[in-house]
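Here's the structure we're looking at; comments come further down.
Residue numbers (the working numbering): 30 to 516.
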């Protein structure tokens, strides 16, 4: 339903939707959360699609009874040009009809969003800033039951445990940020559209949801229907049940960790290494996760980095030092300690760290390096052909995504051949040619394959050996920049 109907009585339609669904309208844990936050303000993320419109109407109808203020937030990714602008206009008119504050942001020209991961990060950044602006207690997201299996399959492919496989959760808390609540997680996509049709509620159609080059779309359109046919039962309902059980298990393990290793949950600067070693790895993992979260370090640690940290805890090596973001974790025979030293300055060389697809590394220099897989569509090919890629912030490669990639500091003797160069020469000489001062050389990340071949240094073109060819359909995109904190 692509157009805004000026004759729609949106308040009446929202109440009709709530009344049609009755007591089962809102997921039970979210309903309890809303009752506990009567009088607060919430931000409803709304793309204009059926799930988010369904969520908005239900939450708005509930908000009247609970005296909750609703702010509507929309992030325009500008993926579909004029169609994206019409989405934003549609939601703006709905906001007026419901007398809600409306927050809109468009993706800046200098921010690329060729993947789901990049788009999700940009959108979350906006939603959290908008929520802070209006003092919102929660960000409301329109995930529904069909999204659960898609998420599980994606996370299984990345080796997730019970914490990862129990997502998306109805209520999720993040230290320093508003809660995330998902009030329609128990509703199926088909039921949502049927209810909207019955109540005469319109929504916007996003044609990009049909692009099977996007992994989540491929799962929904191709893989999951075949899986249901092969197993001859409703795998999505089973996945939802598994998600609930995994959430129970994750909560139980966290409770045990909190009981056995309480210092990890108190933002202590040091933990007893012997106590950590004395617990099963699953318990220690949750304690360390809570410990790092309490010190705002968990976002600086990738999944492989967590394994390195746990291996160091359980190893017999008496002393060890690990860099995480702008901080160090030091190990002695008796303690594991967070060090916030002057050494962790902007110009400190940093140890090498492995970077996987869809991961981000926060460096002790303040830089952020991210790796994504992207499809080479016409727009991107044109940018590459015209040389309009900003070498300071991004680079594209034709490289096997399974090959390990390392991010490290410059080392004496490093050699590099950027795109178009006649041959390799020392990276130091490239720095001298570009008049890059010594202090800056120490802070720039060097991205290489684990065999030592340098593939990119911000400010230079990517490696000539991995250039994009006419037959390249998929590529890896590296980005480097320093972001301002959200808060």
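In this text, a Cβ means the ideal position worked out from N, Cα and C, and glycines have one as well.
These figures come from a predicted structure and were not determined experimentally.
Residue i to residue j span [Cα, whole Å]
i           : j           : result
residue 387 : residue 149 : 11 Å
residue 347 : residue 446 : 41 Å
residue 435 : residue 481 : 9 Å
residue 484 : residue 151 : 26 Å
residue 50  : residue 88  : 13 Å
residue 62  : residue 173 : 18 Å
residue 254 : residue 238 : 16 Å
residue 85  : residue 229 : 15 Å
residue 376 : residue 359 : Note that residue 376 scores a pLDDT of 43, beneath 50, so its modelled location is shaky; the value from the coordinates is reported in the next line. Going from the Cα of residue 376 to the Cα of residue 359 covers about 20 Å.
residue 326 : residue 488 : 28 Å
residue 509 : residue 469 : 14 Å
residue 190 : residue 41  : 44 Å
residue 250 : residue 236 : 13 Å
residue 64  : residue 127 : 21 Å
residue 118 : residue 94  : 28 Å
residue 57  : residue 259 : 33 Å
residue 197 : residue 493 : 41 Å
residue 306 : residue 342 : 7 Å
residue 475 : residue 497 : 20 Å
residue 219 : residue 261 : 19 Å
residue 440 : residue 457 : 9 Å
residue 383 : residue 101 : 39 Å
residue 432 : residue 245 : 23 Å
residue 361 : residue 339 : 14 Å
residue 274 : residue 170 : 22 Å
residue 103 : residue 416 : 32 Å
residue 427 : residue 448 : 12 Å
residue 324 : residue 223 : 46 Å
residue 36  : residue 399 : 46 Å
residue 53  : residue 367 : 47 Å
residue 158 : residue 131 : 13 Å
residue 217 : residue 240 : 21 Å
Residue burial classification, residue i (beta-carbon count within 10 angstroms, cutoff 16)
i           : result
residue 270 : exposed
residue 179 : buried
residue 467 : exposed
residue 225 : buried
residue 185 : exposed
residue 345 : exposed
residue 502 : exposed
residue 77  : buried
residue 414 : exposed
residue 214 : buried
residue 233 : buried
residue 202 : exposed
residue 429 : exposed
residue 477 : buried
residue 23  : The question about residue 23 has no answer here: the residues shown for the chain are numbered 30 through 516.
residue 231 : buried
residue 176 : buried
residue 272 : buried
Beta-carbon contacts of residue i that lie in its chain and below 7 Å, excluding the five residues immediately before and after
i           : result
residue 166 : 66, 69, 70, 71, 207 and 208
residue 135 : 105 and 107
residue 99  : 71, 73, 88, 89, 92 and 129
residue 320 : 293 and 300
The ligand GDP heavy atom lying under 7 Å from the CB of residue i
i           : result
residue 441 : This structure does not include the ligand GDP; it has no bound ligands of any sort.
Contacts around residue i, its chain only, beta-carbon distance under 8 Å, and the 5 residues preceding and following it disregarded
i           : result
residue 442 : 455
residue 264 : 178, 253, 256 and 257
residue 403 : 143, 144, 409, 425, 503, 504, 505 and 506
residue 452 : 446
residue 183 : 244, 245 and 248
residue 364 : 299, 300, 301 and 302
residue 156 : 72, 74, 102, 104 and 168
Residue-level contact to chain B via CB, residue i, 8 Å cutoff
i           : result
residue 314 : Absent here is chain B; the protein component of the structure consists of one chain.
Own chain partners of residue i with C-beta closer than 6 Å, once the 5 adjacent residues on each side are dropped
i           : result
residue 199 : 56, 58, 59, 211 and 214
residue 330 : 353
residue 181 : 194 and 268
residue 460 : 470
residue 43  : 86, 89 and 90
residue 349 : 341 and 360
- Query: Do three or more CB pairs link the stretch 194-207 to the stretch 284-302 at distances below 8 Å?
  - Reply: no
- Message: Report the start-end ranges of each alpha helix (DSSP H) in the stretch 136-207 that is 4 residues or longer and not cut off at the edges.
- Response: Here the runs fully enclosed are 145-162, 174-185 and 191-194.
- Mind listing, in chain order, the continuous beta strand (DSSP E) runs of no fewer than 3 residues lying wholly within the stretch 404-471? 423-426 and 434-437
- Hey, is the stretch 307-316 in contact with the stretch 285-296, meaning 3+ C-beta pairs nearer than 8 Å? A contact exists between the stretch 307-316 and the stretch 285-296.
- Message: Does the structure place the stretch 44-60 close enough to the stretch 88-104 that three or more beta carbon pairs sit under 8 Å?
- Response: yes
- Query: Can you list the alpha helix (DSSP H) stretches of 4 or more residues lying completely in the stretch 277-333, in chain order?
  - Reply: Qualifying alpha helix (DSSP H) stretches, in chain order: 302-306 and 310-323.
- Length-filtered (4 minimum) alpha helix (DSSP H) runs lying within the stretch 75-131: Listed in chain order, the complete alpha helix (DSSP H) runs (minimum 4 residues) inside the stretch 75-131 are 79-95 and 111-126.
- For the stretch 216-283, which segments carrying the alpha helix (DSSP H) assignment without a break, of at least 4 residues, lie completely within its bounds, in sequence order? 218-227, 244-247 and 253-260
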